[in-house]
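Asker: Handing you this structure, nothing more for now.
Protein chains: 4
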Amino acid sequence: MIRAAIAGASGYSGAELVRWLSGHGQVELGALAAGRSAGQPVEAVFPHLAGVAEGNLAPTDWDLLGAEADVVFLALPHGEALAAAARLLDAGARVVDLGADFRLRDPAAYRQWYGGEHTATDLLAEAAYGLTEWHRDAVAGARLVANPGCYPTASSMALKPLLEQFGDRVTAAIVIDAKSGVSGAGRNPRDGYQYSELNENFKPYATGAHRHQPEIEQELAAGGGPEAQVFFSPHLAPMTRGILAACYVPMADAPSREELEAVFLHRYAGEPFVRVLTGSALPQTKATLGSNYCDIAVRVDRARGLAVTFSAIDNLVKGAAGQAVQNMNVMFGLDETTGLLAAPVFP
Amino acid sequence: MIRAAIAGASGYSGAELVRWLSGHGQVELGALAAGRSAGQPVEAVFPHLAGVAEGNLAPTDWDLLGAEADVVFLALPHGEALAAAARLLDAGARVVDLGADFRLRDPAAYRQWYGGEHTATDLLAEAAYGLTEWHRDAVAGARLVANPGCYPTASSMALKPLLEQFGDRVTAAIVIDAKSGVSGAGRNPRDGYQYSELNENFKPYATGAHRHQPEIEQELAAGGGPEAQVFFSPHLAPMTRGILAACYVPMADAPSREELEAVFLHRYAGEPFVRVLTGSALPQTKATLGSNYCDIAVRVDRARGLAVTFSAIDNLVKGAAGQAVQNMNVMFGLDETTGLLAAPVFP
Amino acid sequence: MIRAAIAGASGYSGAELVRWLSGHGQVELGALAAGRSAGQPVEAVFPHLAGVAEGNLAPTDWDLLGAEADVVFLALPHGEALAAAARLLDAGARVVDLGADFRLRDPAAYRQWYGGEHTATDLLAEAAYGLTEWHRDAVAGARLVANPGCYPTASSMALKPLLEQFGDRVTAAIVIDAKSGVSGAGRNPRDGYQYSELNENFKPYATGAHRHQPEIEQELAAGGGPEAQVFFSPHLAPMTRGILAACYVPMADAPSREELEAVFLHRYAGEPFVRVLTGSALPQTKATLGSNYCDIAVRVDRARGLAVTFSAIDNLVKGAAGQAVQNMNVMFGLDETTGLLAAPVFP
Amino acid sequence: MIRAAIAGASGYSGAELVRWLSGHGQVELGALAAGRSAGQPVEAVFPHLAGVAEGNLAPTDWDLLGAEADVVFLALPHGEALAAAARLLDAGARVVDLGADFRLRDPAAYRQWYGGEHTATDLLAEAAYGLTEWHRDAVAGARLVANPGCYPTASSMALKPLLEQFGDRVTAAIVIDAKSGVSGAGRNPRDGYQYSELNENFKPYATGAHRHQPEIEQELAAGGGPEAQVFFSPHLAPMTRGILAACYVPMADAPSREELEAVFLHRYAGEPFVRVLTGSALPQTKATLGSNYCDIAVRVDRARGLAVTFSAIDNLVKGAAGQAVQNMNVMFGLDETTGLLAAPVFP
């Protein structure tokens with residue numbers, strides 16, 4: 003049994019980790035550590051976990067966590083994992099960081115987008131970027147995995163096969179118009195995010211200025227092909243879970259839809275968590291809700307010089323806790339699907 | 003492995019059965035039979051099941067189903083199970099009927115509330131009423147289980163311990179004000195149930211005239227105590243899943259809240275799917291979403307001569323497919339929790 | 003033109019007052035006063051009001067407000083209107099208080115339920131309770147109107163005709179099971195009210211302990227008949243606006259539905275904002291959304307000794323700002339419907 | 003008073019027309035004609051209209067409608083207005099068609115996208131395209147106005163000022179990623195549009211193949227500048243009302259944001275229903291809900307060669323009934339804002 007602990011357990015990603023790890027089968031769930039909620043019974047913070055996770059939220063003692071756990075999942079505000087990761091690794095634990103601290107490889111980019119010095123650049127160099135389907139080998143050997151952001155997961159899954167094959171035909175900036183459920187904004191109550199103001203409302207935010215834009219550009223360039231420029235345009239949809247990304251790729255001599263579809267089908271053949279939809283089907287967030295699936299479809303308008311790829315995920319599963327567990331499975335040599343094969347919750 | 007089949011697989015209860023049975027561990031999922039959708043690929047009818055359940059929906063051939071399956075789950079419109087059950091039992095399968103055909107013990111009541119003759123009264127006499135926590139022994143020995151309605155499940159779980167202990171103090175009709183998510187109305191599109199008319203809307207329906215009222219009265223009388231009159235008042239809430247039942251019990255010499263709470267804690271001690279909430283906690287549907295839990299809490303106003311019990315369930319799980327699987331586990335001698343211990347999906 | 007001002011304009015009731023007053027026709031809308039938002043442009047606080055209400059939110063200067071306005075609407079946390087009302091009246095303005103400070107006639111009850119001394123008991127004695135359809139004459143002559151709470155409005159409208167006629171037949175405590183949209187909880191962000199935790203969730207709260215319970219009991223006794231005991235059981239529904247109240251009245255020798263319906267039809271004949279539904283129709287919140295209507299229907303189960311009355315309102319209109327404007331119309335001798343005859347927004 | 007009638011009154015656009023016309027002030031609302039609902043009381047079809055619109059839905063008698071009304075609003079399935087318009091005009095009425103029959107100027111395009119012959123090409127030539135802010139003069143003199151589609155309204159309002167000024171700098175196909183509430187799909191219940199399947203779901207549909215794509219391309223070319231290619235990508239959002247359009251325009255030598263903003267501010271200065279948002283504000287559907295406003299904002303990423311314009315409308319108001327009334331006001335020489343100056347409903 004893998005002994006696992008969670009730091010930042012009082013947020014939504016933390017709760018989702020508990021859901022997956024408590025039913026994993028190969029994991030013994032240890033400390034659920036939190037900040038200001040430490041000491042409270044789990045069910046006071048998460049009523050749905052009564053009977054699932056007993057006891058109290060623990061204080062965040064990095065040395066203790068690192069000593070008692072084989073793997074620690076970090077679900078912390080950015081900046082907080084910089085020092086924590088080192089201490090956990092020193093104490094002998096492996097780390098899956100669901101936050102942003104080890105995603106951008108360039109410390110200067112980190113400073114620019116997150117507003118602070120990166121104080122753990124050695125670990126930054128070591129960290130594997132945990133988009134599992136694309137970096138499985140690196141993850142397998144890693145002590146520290148940077149779990150991708152929710153938007154970058156959806157976007158990269160939908161774009162990398164296209165760019166790998168046809169990257170040289172892209173003629174201009176790729177537009178990613180992404181829509182997320184509200185849980186992606188975290189659990190902290192704040193102005194503008196009241197129920198009554200988000201419900202029955204659809205709105206853009208942080209257009210062209212979201213921290214996930216450089217993460218996506220970095221990952222799209224990771225294949226080694228020509229660099230792709232990305233314009234990232236996120237929106238908030240009146241729902242709790244789910245991301246739908248629409249990726250618009252201006253192309254010269256665009257492939258046919260069949261040709262493009264074949265590339266995706268081939269690339270993701272055998273991937274247990276990727277479903278490439280064909281025919282008239284298009285991804286929809288609800289078809290992935292509660293599951294680790296990433297659904298993808300493509301369309302092409304050759305006359306207008308445009309390929310379009312769609313992807314849908316559950317932002318808290320494939321976009322956070324699910325992929326984190328998927329990475330843990332890889333890190334510990336388990337079958338990658340262990341504990342993750344739940345069907346989506348529908349309707 | 004138990005070989006299971008589903009008839010009526012193209013509805014919401016059918017899909018939910020697939021979700022639970024496909025991850026059950028002790029079940030081999032066979033035919034998914036449907037009516038007008040027969041012949042279609044599963045994923046055309048339920049996109050979320052791509053990769054979960056392969057193949058096509060089967061036509062409904064009772065003899066074949068009965069021969070090939072150890073247990074057949076029926077998720078059919080009322081009336082359709084009357085003949086089907088007999089044929090399935092004759093063919094050697096056991097049956098869990100999620101519909102209404104074997105719930106009311108009195109054929110006259112069936113005729114009155116469902117508007118047709120009951121043509122399988124011998125099976126009616128034989129059927130066990132599958133409110134598992136209360137009829138475990140009968141279920142264990144049954145060939146045919148009548149899975150309770152969603153509202154009766156929530157209501158009976160919240161009232162039976164009170165009536166068992168204090169039934170003689172009830173002074174007038176019990177009012178059950180219940181609120182359900184829309185999935186309880188089934189998958190058939192119809193006027194008045196359009197998204198735009200239910201969304202941001204809360205409304206009562208079938209007040210005092212719902213078919214679940216006699217089912218609840220029957221089950222509350224099943225304990226052998228004094229008969230309780232029930233006034234059942236259902237409502238539709240703008241959400242997909244969940245039932246919240248508030249049961250108002252007029253009482254002379256009402257027990258204290260502590261006394262009543264102790265009765266519930268005692269009665270449900272050790273029940274893996276019942277959580278009796280204490281302190282300031284109250285049930286909420288979301289804390290049970292996607293799980294087989296039934297959450298219960300009690301309040302008492304002695305000055306006003308009133309006890310109140312609340313329960314929350316997921317109408318498609320404990321109120322339908324989950325309890326059906328729970329009953330199957332009991333029927334086949336498995337641990338009752340097999341395949342059912344998933345944590346709720348939150349948020 | 004009536005010069006009107008609003009104190010507490012940055013909350014939801016404040017915004018709703020702006021919506022109605024800006025299109026009223028007989029009102030000149032003056033200062034929109036606020037606390038911590040004072041000095042900000044209206045459209046920074048309420049983007050939807052761009053082009054509707056210009057300028058900045060004003061600081062709350064009671065003397066100035068009282069001097070410049072003919073009527074001041076107070077939409078303040080409880081306690082804050084106690085001193086403000088006196089200063090506004092002294093300065094010559096009339097006051098419609100949408101808060102709770104002048105609703106309970108008994109200062110001891112105020113202390114018990116709101117936790118502070120009532121320091122304006124002379125005004126308390128003077129204030130008219132603004133359930134317009136029932137206290138029109140008092141409102142017409144009042145300098146100070148206590149606008150009823152949202153739940154008490156829905157509940158009293160649904161119960162008073164019954165009690166007026168049949169109050170002596172009530173045999174036990176009346177149960178009011180009420181369901182409200184989230185806007186009733188105000189604009190302040192707080193734990194437990196995050197979008198992701200209320201969405202797709204239905205839950206009770208403050209069962210038997212809500213501050214509106216004594217207000218309802220007081221108003222039901224106002225008719226002079228026998229006192230009615232009320233058990234008030236509020237719930238939160240996953241929607242922004244709307245209240246649906248179900249009132250369960252245990253009765254000996256209950257009238258027939260037709261008889262009871264006739265009482266309601268007679269009592270509310272000619273009332274422009276009350277719609278008594280007959281036949282199979284039942285109130286639903288969406289049919290009142292955005293309007294000042296109160297929809298009512300009745301049902302009777304004589305065998306079970308129970309009458310049931312339902313009412314639906316928009317909590318921010320008939321339950322707050324709309325009724326406040328209705329009261330203003332009465333206070334200033336305008337036609338009561340002036341500026342209020344908007345059709346509901348549907349779907 | 004203008005005598006107005008509605009054909010197709012039993013749908014959502016019909017109901018919305020009733021809402022606006024019943025409170026218009028200069029309109030006498032006559033027949034509400036319907037198809038299969040004819041003969042039913044208005045409040046049976048639309049409970050929210052009890053007390054607002056009395057009487058029964060009328061049968062659709064074109065000659066009678068044309069004779070008794072000064073203006074007839076058509077809210078019909080496409081194809082049905084082809085013959086109706088002629089008969090109404092012959093009878094002396096003017097016509098505002100909310101359907102698609104007179105939007106595409108080219109009968110061949112009509113055949114291609116709507117699948118039938120256009121049998122009223124003379125009227126097609128005569129019809130004014132009722133995007134009021136852009137074709138005010140044509141509307142003023144028209145007997146027949148083709149009210150724009152909801153998506154084309156949002157899209158054209160957000161793109162025309164840019165193209166007018168900078169059309170020659172556009173380098174590739176414009177991508178319009180639009181998100182609509184469900185009411186845009188009409189009132190007819192159908193598979194895939196059940197509440198439980200759209201709620202908590204976000205999904206694309208008809209990508210690059212929606213009938214509004216040629217309508218948008220036609221209108222963007224109407225300015226006389228270089229033709230713009232449009233790729234139209236609609237999505238369904240889990241809400242009832244609202245459209246948010248994000249328009250991505252690839253540009254060489256893109257103007258600065260300030261420059262582009264100035265163009266929009268100038269073009270829409272004095273327009274009562276257009277709000278150009280500046281600073282950090284972005285359009286959101288809820289800020290327009292229930293109103294005739296169109297909110298617009300722009301962003302520019304010069305490094306990536308991209309201008310982005312956003313617009314938000316209520317699809318049933320500015321996208322349908324509200325703009326139809328706006329056009330009627332213009333046709334009859336009234337102040338364009340008559341009866342339309344309602345503030346949005348928020349929250």
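Chains as they are written, first to last, in the numbering used here: chain A, 3 to 349; chain B, 3 to 349; chain C, 3 to 349; chain D, 3 to 349. C-beta: ideal position from N, C-alpha, C; glycine also. Remember, it's a predicted structure, so these values are computed and weren't measured experimentally.
Verify the CB distance criterion: does ASN58(C) have a CB-CB separation below 8 Å to chain A?
Answerer: Here the question's residue 58(C) lines up with position 56 in the third sequence. By this cut-off, ASN58(C) is not an interface position.
Asker: Taking 7 Å as the limit between beta carbons, can you name the residues of its chain near ALA52(C), skipping five residues before and five after?
Answerer: To locate residue 52(C), count along the third sequence from 1; it is residue 50. Closer than 7 Å at the Cβ level, and outside the excluded window around ALA52(C), lie GLU45.
Asker: Sorted by chain position, which residues of the same chain lie with C-beta nearer than 7 Å to GLY225(D)'s C-beta, five sequence neighbours on each side aside?
Answerer: Taking the fourth sequence and counting its residues from 1, the one referred to as residue 225(D) is at position 223. Answer for GLY225(D): LYS162, LEU165, GLU166, listed in chain order.
Asker: Taking the beta strand (DSSP E) that ARG96(D) belongs to, which residues open and close that run?
Answerer: What you label residue 96(D) is simply residue 94 of the fourth sequence in a count that begins at 1. 96 to 99 is the extent of the beta strand (DSSP E) around ARG96(D).
Asker: Tell me which same chain residues have a C-beta within less than 7 Å of the C-beta of TRP64(B), skipping the five on either side of it?
Answerer: In the second sequence, residue 64(B) corresponds to position 62, counting from 1. Once the five neighbours on either side are set aside, the close Cβ partners of TRP64(B) are ALA86, ARG89, LEU90.
Asker: Less than 7 Å separating the Cβ of TYR195(C) from some heavy atom of the ligand COA?
Answerer: Ligands are entirely absent from the displayed structure, and the ligand COA is therefore not among its contents.
Asker: Of the residues that make up the segment 180 to 207 of chain B, which ones have a beta carbon closer than 7 Å to any beta carbon in chain D?
Answerer: Those residues of the segment 180 to 207 of chain B that come within reach of chain D (Cβ to Cβ, closer than 7 Å) are VAL184, SER185, ARG189, PRO191, ARG192, ASP193, TYR195, GLN196, TYR197, SER198, LEU200, ASN201, GLU202.
Asker: Could one say the Cβ of PHE348(A) lies closer than 8 Å to chain B's Cβ atoms, at least one of them?
Answerer: Stepping through the first sequence from its first residue, residue 348(A) is reached at position 346. Chain B, which has a Cβ nearer than 8 Å to the Cβ of PHE348(A), makes this yes.
Asker: State the start and end residues of the unbroken alpha helix (DSSP H) segment that holds GLU219(A).
Answerer: Taking the first sequence and counting its residues from 1, the one referred to as residue 219(A) is at position 217. Note, GLU219(A): alpha helix (DSSP H), 214 to 223.
Asker: Please name the residue, chosen from GLY341(C), PHE348(C), TYR195(C), SER39(C), that lies closest to GLY25(C) on a Cα-to-Cα basis.
Answerer: For the purposes of this step, residue 25(C) is taken as the residue at position 23 of the third sequence. Cα-wise, what sits closest to GLY25(C) is GLY341(C).
Asker: Tell me which same chain residues have a C-beta within less than 6 Å of the C-beta of ASP179(D), skipping the five on either side of it?
Answerer: Walking along the fourth sequence from the start, residue 179(D) turns up at place 177. For ASP179(D), where only same-chain residues beyond five positions count, the Cβ hits under 6 Å are SER235, ALA248.
Asker: How long is the line joining the alpha carbons of ALA283(D) and SER258(C), rounded to whole angstroms?
Answerer: Counted from its first residue, the fourth sequence places residue 283(D) at position 281. Counted from its first residue, the third sequence places residue 258(C) at position 256. Going by the C-alpha atoms only, they are around 57 Å apart.
Asker: By the 9 Å beta-carbon criterion, what residues does the segment 245 to 258 of chain D contribute toward chain E?
Answerer: Looking at the structure shown, chain E is missing, and the protein chains on hand are A, B, C and D.
Asker: Looking at chain A, is there any beta carbon in it that lies within less than 8 Å of the beta carbon of TYR295(C)?
Answerer: In the third sequence, residue 295(C) corresponds to position 293, counting from 1. No, TYR295(C) lies away from the interface with chain A (no Cβ there is under 8 Å from its Cβ).
Asker: Could you tell me how far apart the beta carbons of GLY244(C) and ASN149(C) are, in whole angstroms, since I believe they sit closer than 8 Å?
Answerer: By 1-based counting over the third sequence, the position of residue 244(C) is 242. By 1-based counting over the third sequence, the position of residue 149(C) is 147. Between ASN149(C) and GLY244(C) the Cβ distance is about 18 Å, and since that is not below 8 Å, they are no contact.
Asker: As an exercise, report each continuous beta strand (DSSP E) stretch of at least 3 residues that is fully enclosed by the segment 224 to 287 of chain D, in chain order.
Answerer: DSSP runs (the beta strand (DSSP E)) wholly in the segment 224 to 287 of chain D: 232 to 238, 245 to 252, 276 to 278.
Asker: May I ask you to report which of helix, strand or coil DSSP gives SER182(B)?
Answerer: Here residue 182(B) corresponds to residue number 180 of the second sequence, with the count starting at 1. DSSP places SER182(B) in strand when its eight states are reduced to three.
Asker: Comparing C-alpha positions only, which one of GLY132(C), ALA111(C), THR123(C), TYR112(C) sits nearest to ASP97(C)?
Answerer: Along the third sequence, read from residue 1 onward, the residue named residue 97(C) stands at position 95. Looking at the sequence shown, residue 97(C) is not Asp but Val. If we check each option's Cα against that of VAL97(C), GLY132(C) comes out closest.
Asker: In three-state DSSP terms, what is LEU343(D)?
Answerer: Residue 343(D) sits at position 341 when you count from the first residue of the fourth sequence. Correct three-state label for LEU343(D): coil.
Asker: Using a Cβ-Cβ cut-off of less than 9 Å, list which residues of the segment 279 to 292 of chain D approach chain A; keep chain order.
Answerer: Of all residues in the segment 279 to 292 of chain D, LEU284, PRO285, GLN286, THR287, LYS288, ALA289, LEU291 have a Cβ within less than 9 Å of some Cβ in chain A.
Asker: Indicate whether LEU267(A) and ALA314(A) have their beta-carbon atoms separated by less than 8 Å.
Answerer: Numbered from its first residue, the first sequence carries residue 267(A) at position 265. Numbered from its first residue, the first sequence carries residue 314(A) at position 312. Result no, Cβ atoms of LEU267(A) and ALA314(A) do not sit closer than 8 Å.
Asker: Quick one: any contact between the segment 200 to 218 of chain C and the segment 210 to 220 of chain A, if contact means 3 or more CB pairs under 8 Å?
Answerer: They do not touch, by the three-pair rule.
Asker: Hey, quick one: how far does the alpha helix (DSSP H) through VAL47(A) stretch, first residue to last?
Answerer: Sequence index remark: in the first sequence, residue 47(A) carries index 45 (1-based). 44 to 47 is the extent of the alpha helix (DSSP H) around VAL47(A).
Asker: Is any beta-carbon of chain B found at less than 8 Å from that of TYR112(D)?
Answerer: The count along the fourth sequence starts at 1 and reaches residue 112(D) at position 110. TYR112(D) does not count as touching chain B.
Asker: Name, please, each residue of chain B whose Cβ falls closer than 9 Å to the Cβ of ALA174(C).
Answerer: Here residue 174(C) corresponds to residue number 172 of the third sequence, with the count starting at 1. In chain order: THR173, ALA174, PRO252, ARG306, GLY307, LEU308.
Asker: What would DSSP say about PRO61(B), mapped onto helix, strand or coil?
Answerer: In the second sequence, residue 61(B) corresponds to position 59, counting from 1. Three-state DSSP puts PRO61(B) in coil, outside helix and strand.
Asker: Using the Cα positions of TYR207(C) and GLY143(C), report the straight-line distance between them to the nearest angstrom.
Answerer: Position 205 of the third sequence, counting from 1, holds the residue named residue 207(C). Position 141 of the third sequence, counting from 1, holds the residue named residue 143(C). In a straight line, the C-alpha of TYR207(C) is about 37 Å away from that of GLY143(C).
Asker: Can you give me, in chain order, the residues of the segment 31 to 59 of chain B that have a beta carbon less than 9 Å from any beta carbon in chain A?
Answerer: Those would be GLU45, ALA46, PHE48, PRO49, HIS50, LEU51, ALA52, GLY53, VAL54, ALA55, in chain order.
Asker: Determine the burial state of ASN294(D): buried for a count of at least 16 other Cβ atoms within 10 Å of its Cβ, exposed for fewer.
Answerer: The residue you call residue 294(D) lines up with position 292 of the fourth sequence. The residue is buried, with at least 16 neighbouring Cβ atoms inside 10 Å.
Asker: Quick one: does VAL147(C) have its CB under 8 Å from some CB of chain D?
Answerer: Translated into positions along the third sequence, residue 147(C) becomes position 145. Judged by the 8 Å Cβ criterion, VAL147(C) is not in contact with chain D.
Asker: Figure out for me which residue from GLN286(B), ARG306(B), ARG107(B) has the closest Cα to the Cα of PHE48(A).
Answerer: Sequence index remark: in the first sequence, residue 48(A) carries index 46 (1-based). For PHE48(A), the nearest C-alpha among the options comes from GLN286(B).
Asker: Quick one: which chain B residues come within Cβ less than 7 Å of SER24(A)?
Answerer: Along the first sequence, one-based indexing puts residue 24(A) at 22. The answer, in chain order, is ALA345.
Asker: So, using beta-carbon positions, are LEU23(A) and ALA6(A) closer together than 8 Å?
Answerer: On the first sequence, residue 23(A) is found 21 positions in, with the first residue counted as 1. On the first sequence, residue 6(A) is found 4 positions in, with the first residue counted as 1. Cβ atoms of LEU23(A) and ALA6(A): closer than 8 Å.
Asker: Quick one: list the residues of chain A neighbouring VAL276(D), beta-carbon separation under 9 Å, in chain order.
Answerer: Sequence index remark: in the fourth sequence, residue 276(D) carries index 274 (1-based). By Cβ distance, chain A contributes nothing, its closest Cβ being about 18 Å from VAL276(D), past 9 Å.
Asker: Expressed to the nearest angstrom, what Euclidean distance is found between the alpha-carbon atoms of ALA323(B) and THR242(A)?
Answerer: Along the second sequence, read from residue 1 onward, the residue named residue 323(B) stands at position 321. Along the first sequence, read from residue 1 onward, the residue named residue 242(A) stands at position 240. Looking at the two C-alpha atoms, the distance is approximately 24 Å.
Asker: May I ask you to report which of helix, strand or coil DSSP gives PRO154(D)?
Answerer: Against the fourth sequence, residue 154(D) aligns to sequence position 152. Residue state, collapsed to three classes: helix.
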